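The structure under discussion appears below in the form of C-alpha coordinates.
Numbering (my numbering), first residue to last: 1466 to 1579.
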(Lines of atoms letter the chains of each structure in order from A and count residues from 1; the text may use other names and numbers.)
(Lines give C-alpha, C1' and ligand atoms only; values in the text may rest on other atoms or scores of the structure.)
Protein backbone atom coordinates (compact mmCIF):
# COMPACT_ATOMS: atom_id res chain seq x y z
CA UNK A 1 0.00 0.00 0.00
CA UNK A 2 1.23 3.50 -0.85
CA UNK A 3 0.13 6.95 0.23
CA UNK A 4 0.64 9.82 -2.18
CA UNK A 5 0.70 13.38 -0.91
CA UNK A 6 1.05 16.65 -2.78
CA UNK A 7 1.38 20.12 -1.30
CA UNK A 8 0.40 22.88 -3.73
CA UNK A 9 1.47 26.47 -3.03
CA UNK A 10 -0.78 29.05 -4.68
CA UNK A 11 -0.65 32.79 -5.27
CA UNK A 12 -4.05 34.46 -5.46
CA UNK A 13 -3.68 37.74 -7.33
CA UNK A 14 -6.18 40.50 -6.71
CA UNK A 15 -7.62 39.17 -3.46
CA UNK A 16 -8.12 41.98 -0.98
CA UNK A 17 -9.56 40.00 1.93
CA UNK A 18 -9.63 36.60 3.58
CA UNK A 19 -13.27 36.32 2.54
CA UNK A 20 -12.28 36.52 -1.15
CA UNK A 21 -9.48 34.01 -0.54
CA UNK A 22 -11.81 31.52 1.18
CA UNK A 23 -14.14 31.64 -1.84
CA UNK A 24 -11.31 30.73 -4.23
CA UNK A 25 -9.79 28.07 -1.97
CA UNK A 26 -13.16 26.49 -1.25
CA UNK A 27 -13.88 26.31 -4.99
CA UNK A 28 -10.52 24.63 -5.72
CA UNK A 29 -11.01 22.13 -2.90
CA UNK A 30 -14.61 21.22 -3.73
CA UNK A 31 -14.04 20.91 -7.49
CA UNK A 32 -10.97 18.71 -6.96
CA UNK A 33 -12.69 16.59 -4.32
CA UNK A 34 -15.74 16.08 -6.54
CA UNK A 35 -13.85 15.35 -9.75
CA UNK A 36 -11.17 13.01 -8.35
CA UNK A 37 -12.70 11.68 -5.09
CA UNK A 38 -9.59 12.48 -3.04
CA UNK A 39 -8.85 14.09 0.33
CA UNK A 40 -8.15 17.81 -0.07
CA UNK A 41 -7.65 20.54 2.53
CA UNK A 42 -6.07 23.93 3.04
CA UNK A 43 -3.00 23.08 5.11
CA UNK A 44 -1.11 26.36 5.62
CA UNK A 45 -1.18 30.12 5.09
CA UNK A 46 -4.77 30.43 6.32
CA UNK A 47 -4.26 34.04 7.48
CA UNK A 48 -2.66 35.37 4.29
CA UNK A 49 -5.10 36.72 1.72
CA UNK A 50 -2.92 36.34 -1.39
CA UNK A 51 -1.29 32.99 -0.61
CA UNK A 52 -2.70 29.50 0.00
CA UNK A 53 -1.33 26.01 0.47
CA UNK A 54 -3.52 23.04 -0.36
CA UNK A 55 -2.74 19.43 0.48
CA UNK A 56 -4.06 16.40 -1.41
CA UNK A 57 -3.77 12.79 -0.24
CA UNK A 58 -4.49 9.53 -2.08
CA UNK A 59 -3.96 5.87 -1.27
CA UNK A 60 -3.42 2.89 -3.57
CA UNK A 61 -1.26 -0.07 -4.42
CA UNK A 62 0.82 1.42 -7.26
CA UNK A 63 2.83 4.60 -6.71
CA UNK A 64 3.02 5.22 -10.48
CA UNK A 65 -0.78 5.37 -10.66
CA UNK A 66 -0.86 7.68 -7.63
CA UNK A 67 1.80 9.90 -9.20
CA UNK A 68 -0.26 10.19 -12.37
CA UNK A 69 -3.41 10.99 -10.39
CA UNK A 70 -1.68 13.71 -8.36
CA UNK A 71 -0.20 15.20 -11.55
CA UNK A 72 -3.70 15.33 -13.08
CA UNK A 73 -5.06 17.04 -9.96
CA UNK A 74 -2.34 19.71 -10.10
CA UNK A 75 -3.02 20.21 -13.83
CA UNK A 76 -6.76 20.44 -13.15
CA UNK A 77 -6.29 23.10 -10.45
CA UNK A 78 -4.06 25.08 -12.78
CA UNK A 79 -6.56 24.79 -15.66
CA UNK A 80 -9.28 26.39 -13.54
CA UNK A 81 -7.36 29.67 -13.64
CA UNK A 82 -8.41 30.64 -10.12
CA UNK A 83 -4.86 30.92 -8.77
CA UNK A 84 -1.25 30.71 -9.90
CA UNK A 85 0.60 27.57 -8.81
CA UNK A 86 3.99 28.66 -7.46
CA UNK A 87 5.16 25.39 -5.94
CA UNK A 88 4.41 21.67 -5.89
CA UNK A 89 5.91 19.14 -3.46
CA UNK A 90 5.00 15.48 -3.96
CA UNK A 91 5.82 12.52 -1.73
CA UNK A 92 5.02 8.81 -1.71
CA UNK A 93 5.06 6.75 1.45
CA UNK A 94 5.09 2.92 1.26
CA UNK A 95 3.19 1.22 4.10
CA UNK A 96 2.78 -2.42 5.07
CA UNK A 97 4.64 -5.39 3.65
CA UNK A 98 7.70 -4.50 1.63
CA UNK A 99 8.40 -1.18 3.32
CA UNK A 100 7.23 1.18 5.99
CA UNK A 101 5.46 0.06 9.15
CA UNK A 102 3.24 -2.98 9.46
CA UNK A 103 -0.32 -2.58 10.71
CA UNK A 104 0.72 -3.77 14.17
CA UNK A 105 3.59 -1.28 14.34
CA UNK A 106 1.27 1.54 13.32
CA UNK A 107 -1.30 0.59 15.97
CA UNK A 108 1.37 0.62 18.65
CA UNK A 109 2.71 4.01 17.62
CA UNK A 110 -0.77 5.52 17.43
CA UNK A 111 -1.54 4.22 20.96
CA UNK A 112 1.47 6.12 22.23
CA UNK A 113 -0.06 9.35 20.94
CA UNK A 114 -3.21 8.91 23.01
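Built from N, CA and C at the ideal position, the CB exists for glycine as well.
Note that the structure is predicted; figures quoted are calculated from it, not measured.
Asked                                                                                                                                                             : Found
For residue 1476, which of 1468, 1493, 1467 has the nearest alpha-carbon?                                                                                         : 1493
Let's test the definition: count the other Cβ atoms within 10 Å of the Cβ of residue 1526 and tell me whether it reaches 16, buried, or not, exposed.             : exposed
Compute the beta-carbon to beta-carbon distance between residue 1469 and residue 1531, rounded to the nearest angstrom, for a pair I have assumed lies under 8 Å. : 4 Å
Determine which residues share a DSSP beta bridge with residue 1547 and list them.                                                                                : None; residue 1547 has no bridge partner.
Below 7 Å CB to CB, which residues in the same chain sit around residue 1523 once its five sequence neighbours on both sides are set aside?                       : 1469, 1503, 1531, 1534, 1535
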